[in-house]
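Peer 1: Counting in numbering that gives the first Met the number 0, the sequence shown runs from 0 upward without gaps.
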Amino acid sequence: MPSLLPKLPSRGEKACESPGPPANGYTFLPWLLMGTGAALDVAKGKVEYPWLGGLGILAFVVLYANVAFRALDKQRREERATLVLLGALAAVTYALGLGYGGVWLLFFPLLSLTCGAAVRDKRLGYVILVLAVSVGAISGLRTGDPWSNMTIAYGTFMSGMVIAALLSLSDTIRELRDTRQELARTAVEKERLRFSRDLHDLLGHTLSVIVVKSEAARRIARRDLDAALGQVADIESVGRQALTEIREAVTGYREGSLATELDRARSALSAAEVEPVVRQSGPPLPAQAEALLGWVVREAVTNVVRHSAASRCEIVVDGSPERVTLKITDNGKGAPAAPAPAPRIGGTGLKGLTERLAAAGGSLTAGPAPRTGFQVTAELPVDPQDSALDAELTTTTQAGRPTEVPAAQAG
0 MPSLLPKLPS RGEKACESPG PPANGYTFLP WLLMGTGAAL DVAKGKVEYP WLGGLGILAF
60 VVLYANVAFR ALDKQRREER ATLVLLGALA AVTYALGLGY GGVWLLFFPL LSLTCGAAVR
120 DKRLGYVILV LAVSVGAISG LRTGDPWSNM TIAYGTFMSG MVIAALLSLS DTIRELRDTR
180 QELARTAVEK ERLRFSRDLH DLLGHTLSVI VVKSEAARRI ARRDLDAALG QVADIESVGR
240 QALTEIREAV TGYREGSLAT ELDRARSALS AAEVEPVVRQ SGPPLPAQAE ALLGWVVREA
300 VTNVVRHSAA SRCEIVVDGS PERVTLKITD NGKGAPAAPA PAPRIGGTGL KGLTERLAAA
360 GGSLTAGPAP RTGFQVTAEL PVDPQDSALD AELTTTTQAG RPTEVPAAQA G
């Protein structure tokens, strides 16, 4: 005879990872005490063919336990074997009820329990109603007591419906718990990605500026010590500012500023011996729009300093009451303009910025400049949806890493 009990987890093994039916399947077993009266009838020889009644009780117990445990395991519950066992259990129950009556009819509430656990669709109501009517009719045929008919029918109906309601509630609670865990995991993942992207945007630019200024200080140290010391002082200032920004990035409250990024861009370009040309027009911008455009300036200027070998970089901010456009163009080693179906976005940083601007209703394109070099163009509504921007500034969909793009495209 197959084992009626689920396999217990070994030492150190989590119960939820143990194969077999879940532990709460045991809660069905105490209800088998309802069959004690039938077992006593067999033991005392009060029924015809006691051996047949004993075999019936044994068959009921085996089928009941197997169906109950399988019903509480979703994968096994949906197997065809579960319905076959449930049908066999129903056949044994009807045979015992029709053959003996009396206390043997108490097997019908137990059958209703297993039906409430194993049948989880619209058929359940009809199944339990049929069981209740059947046991009432059988009781009437055997005893002729209307009150007894109503009592056993009501008990059979309530047994199935109550266990079905409890299991449905349990499944809902389990799904809610799983959903909560998934939401928590997603929130942690988004925060990790946000921090990764912010570190890329912060350190990629800052370290590039430090390297450029260090090279400048080394070149001019022999002929102009004061100018070299000025570059060293700038390196110290940039490093201190980077530490502040990293602390703000960790807390998640960092706000960018377009004016600040334009000033840093001038300093970084000048240190790299690239002539900066900055022009800005239009009305003042909202803080969120400035933050996004500031990231674009930072990323594009970093690429110019690291990859372009340009001698001139032009940054133009052209705003109107409805929309603002930012263009960053250099005369570096970008290929001349050529027909292309769509501009190619270069490194990971530009891809992340494309997603940020798209979430705020804007766009970002990058590719060869009209004459020579490389051009990055960002467009953004002047009054974007605050909710979309706030969400974009605190969460992320793209993990950051130092941007690496070919020199011919980085510009």
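We put the CB at the ideal spot given by N, CA and C, even for glycine.
1) Of the residues 314, 364 and 81, which one's Cα is nearest the Cα of residue 330?
2) Would you kindly report the start and end of the unbroken beta strand (DSSP E) that includes residue 86?
3) Among the candidates 188, 198 and 32, whose CA atom is the shortest distance from the CA of residue 105?
4) Determine the direct distance from the alpha carbon of residue 275 to that of residue 309, and round the result to whole angstroms.
5) Would you list the one or two residues that DSSP bridges to residue 323?
6) Hey, how far is the Cα of residue 305 from the Cα of residue 380?
7) When the Cα atoms are used, what is the spatial distance from residue 373 to residue 199?
8) Please classify residue 233: is it buried, with 16 or more other beta-carbons within 10 angstroms of its beta-carbon, or exposed?
9) Just curious, the beta strand (DSSP E) that residue 366 is in, first and last residue?
10) Residue 83: which of 74, 73 and 62 sits nearest, CA to CA?
11) Along the chain, where does the beta strand (DSSP E) that runs through residue 275 open and close?
12) Quick one: residues in its chain with C-beta nearer than 6 Å to the C-beta of residue 277, no 5 flanking neighbours on either side, listed in chain order?
13) From which residue to which residue does the alpha helix (DSSP H) around residue 310 run?
14) Tell whether a beta-carbon distance below 8 Å holds between residue 70 and residue 117.
15) Could you check if residue 54 is buried or exposed, using at least 16 other CB atoms within 10 Å of its CB as the buried criterion?
16) Which residue's Cα is closest to the Cα of residue 439: 64, 80 and 74?
17) Given that a residue counts as buried once 16 or more other Cβ atoms are within 10 Å of its Cβ, and exposed if not, what is residue 48?
18) Quick one: what's residue 374 bridged to in DSSP?
19) Can you tell me whether DSSP reads residue 44 as helix, strand or coil?
Peer 2: Checking against the coordinates, here is how it stands:
1) 314
2) Looking at the DSSP string, residue 86 is not in any beta strand (DSSP E); the run it does join, the alpha helix (DSSP H), is 79-99.
3) 32
4) 11 Å
5) 318 and 379
6) 30 Å
7) 22 Å
8) buried
9) 362-367
10) 62
11) 274-280
12) 261 and 314
13) Taken as a continuous stretch (DSSP letters only), residue 310 belongs to no alpha helix (DSSP H), as it is neither H nor E.
14) yes
15) exposed
16) It is not possible to answer for residue 439, since the shown part of the chain is limited to 0 through 410.
17) exposed
18) 328 and 366
19) coil
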